[in-house]
Amino acid sequence: MDAQFFAMGGYAFFVWFSYGLSAIVLLANAFLPARKEKMLLNRIAQRVHGTKENS
Amino acid sequence: MNLPFHKYGSPKYFYSWSLMLSPWLIGFCVLLFAVGLYTGLFVAPADYQQGESFRIIYVHVPAAWMSLFIYVVMASAAASGLIWHVKLGDMIARASAPLGAWFTFLALVTGSLWGKPMWGTYWVWDARLTSELILLFLYLGYIALQGAIDDRRVAARAGAIVALVGTVNLPIIHYSVEWWNTLHQGPTVSKLDAPSIAPSMLMPLLIMAVAYTVYFVVVMFARTRCEILEFERNAAWVKERALEKGVV
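So the sequence lines, in the order shown, correspond to chains A and B. Residues in the first sequence are numbered consecutively from 0, following numbering that gives the first Met the number 0. Residues in the second sequence are numbered consecutively from 0, following numbering that gives the first Met the number 0.
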C-alpha cells in the first residue's frame, strides 16, 4: 500500500467516503443488536429475580 | 399438522438454532469481506473509462441489491404473519426493516458519490434514483408505523399491508433503467447472454454480494432474537434463559 493506492487515481474522496461510510454503517448495525440482546437478558433476569424475592 | 418447520419456526427454536449458527456465519462473513475487499481493491484492474472510481461498485451494487432483497424478505415474512399468523414472520419483518433502510441509504449515498465524478452531478431526478428513494420512504414508513401503533398485532397487520402494497415498486426499480432514459447505466451483470463485465471485475462483486447477504442474515437473526426477548419476555423459557445468561 502506498500513496498511489490511497490516491485512487484522483478519486480518493469519492472512493474512500463510500467505503468508509459503508464500513461505519455495517459495523454499527452489527454491534448494536448484540449489545441490546445482552441488555434485554439482563433486564429480564433482574425482573425475574425481583419477583422471586418479593414472593 | 406437525410439519418440521412448525417446530423450527417457533420463536423458541429459532432463538436457539440461530444462536448456534451465528458464530459460523460470522466467520464465513468476515472471510468473504476480506477476500472481496482484497480482490476488489487490489486485484481488479482499473476501469478503462472510469479509472479507479469504478471501485465504488463493490460497495454500491451489493447495497442496492440488498435494498431489494431485504424488501422481499420483509414483505414475505410480514405476509406469513398476516395470512398464517406466524408470529416469527412479524418479528423477522420488524427486524429486517431498519437493515433494509440502511442498505437503501448506502445505495443512494454511494451512488451519488459515484455519480458526481462520472456524471458530473450528485443527484438527478430520473426513474432509477427516484424509485430507489421511494423504497427508502417505504422502509421508513413501515418503521414509523411500527413505532406509532401500540397494539403489536394491529401494527404487524398494518405494516404487512404497507409492505405488500410497496412491492409494486420493486419491478419499477429493477426495470427503470430499461423503461426510461437515464444517466444510470443499464444492467451489466444479469444480462441473459454474457455479462458485460470482465471476470476479474465481476468476481469481487459477486463475493461482496454474498458477504452482504450473509451479513444481513447474521444481523437480522440477532435483531429477531431481540424482538423475541422483548415480546416473549413472560415465556418460561425466556425467563430461564435470562437467569442463565443475564447479570442480575
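Even for Gly, the Cβ is constructed at its ideal location relative to N, Cα and C.
DSSP, reduced to helix, strand and coil, places B:ASP46 within a strand of the structure shown. Per DSSP, reduced to three states, the secondary structure at B:GLN184 is coil, with no helix or strand assignment. Beyond the five residues adjoining it in sequence on each side, B:ARG156 comes within less than 7 Å, by CB distance, of LEU81 in the same chain, given in chain order. The alpha-carbon of B:LEU137 is positioned some 11 Å away from that of B:VAL167.
Three or more Cβ pairs closer than 8 Å define a contact, and the stretch 18–37 of chain B meets that threshold against the stretch 197–210 of chain B. With contacts defined as CB atoms closer than 8 Å, B:LEU128 and B:HIS183 qualify as a contacting pair.
The three-state secondary structure of B:THR129, taken from DSSP, is helix.
Where B:ARG152 is concerned, the enclosing alpha helix (DSSP H) starts and stops at 151–165.
In chain order, LEU182 place their CB closer than 8 Å to the CB of B:TRP118, counting only its own chain and leaving out the 5 sequence neighbours on each side. Remark: three or more beta-carbon pairs, one from each stretch, lie closer than 8 Å, so the stretch 131–149 of chain B and the stretch 59–79 of chain B are flagged as touching. Linking B:GLY114 to B:ALA197 through their CA atoms gives a straight-line distance of about 21 Å. A direct Cα-Cα distance of roughly 28 Å separates B:SER52 from B:LEU169. Spatial neighbours of B:GLU231 in its own chain (CB-CB distance under 6 Å, excluding positions within 5 residues in sequence) are listed in chain order as PRO10, VAL237.
A contact between stretches requires three or more CB pairs, one per stretch, nearer than 8 Å, and the stretch 210–224 of chain B fails this requirement with the stretch 10–19 of chain A. Within chain A, the C-beta atoms nearer than 7 Å to that of B:ILE55 come from PHE13, VAL14, SER17, in chain order.
When the Cα atoms are used, B:THR187 and B:TYR14 turn out to be separated by approximately 39 Å. Among the residues of the stretch 16–46 of chain A, those with a Cβ less than 7 Å away from any Cβ of chain B are PHE16, SER17, TYR18, LEU20, SER21, VAL24, LEU25, ASN28, ALA29, PRO32, ALA33, LYS35, GLU36, LEU39, LEU40, ASN41, ILE43, ALA44, GLN45, in the order of the chain.
Check the Cα spacing between A:GLU36 and each of B:GLY146, B:LEU163, B:ALA94, B:GLY158: the tightest is with B:ALA94.
B:ASN168 carries a helical assignment under DSSP once its states are collapsed to helix, strand and coil. Nearest to B:THR223 by C-alpha distance, out of B:ALA63, B:PHE41, B:LEU24, B:ALA92, is B:ALA92. Residue-level contact by beta carbon holds for B:TYR214 and chain A, with a gap shorter than 8 Å. Scanning chain A for C-beta atoms nearer than 9 Å to the C-beta of B:VAL246 yields LYS37, LEU40, ASN41, ALA44, GLN45, reported in chain order. DSSP places B:VAL85 outside both helix and strand once states are collapsed to three, so it counts as coil.
Sequence-distant Cβ neighbours of B:ILE148 in its own chain, meaning closer than 7 Å and more than five residues away, are ALA154, ALA157.
The beta-carbon separation of B:MET200 and B:ALA62, rounded to 17 Å, does not stay under the 8 Å limit for a contact.
B:THR109 has a beta carbon lying within less than 8 Å of a beta carbon in chain A. For B:PHE220, the enclosing alpha helix (DSSP H) starts and ends at 198–230. CA-CA distance, B:TRP178 to B:VAL216, rounds to 32 Å.
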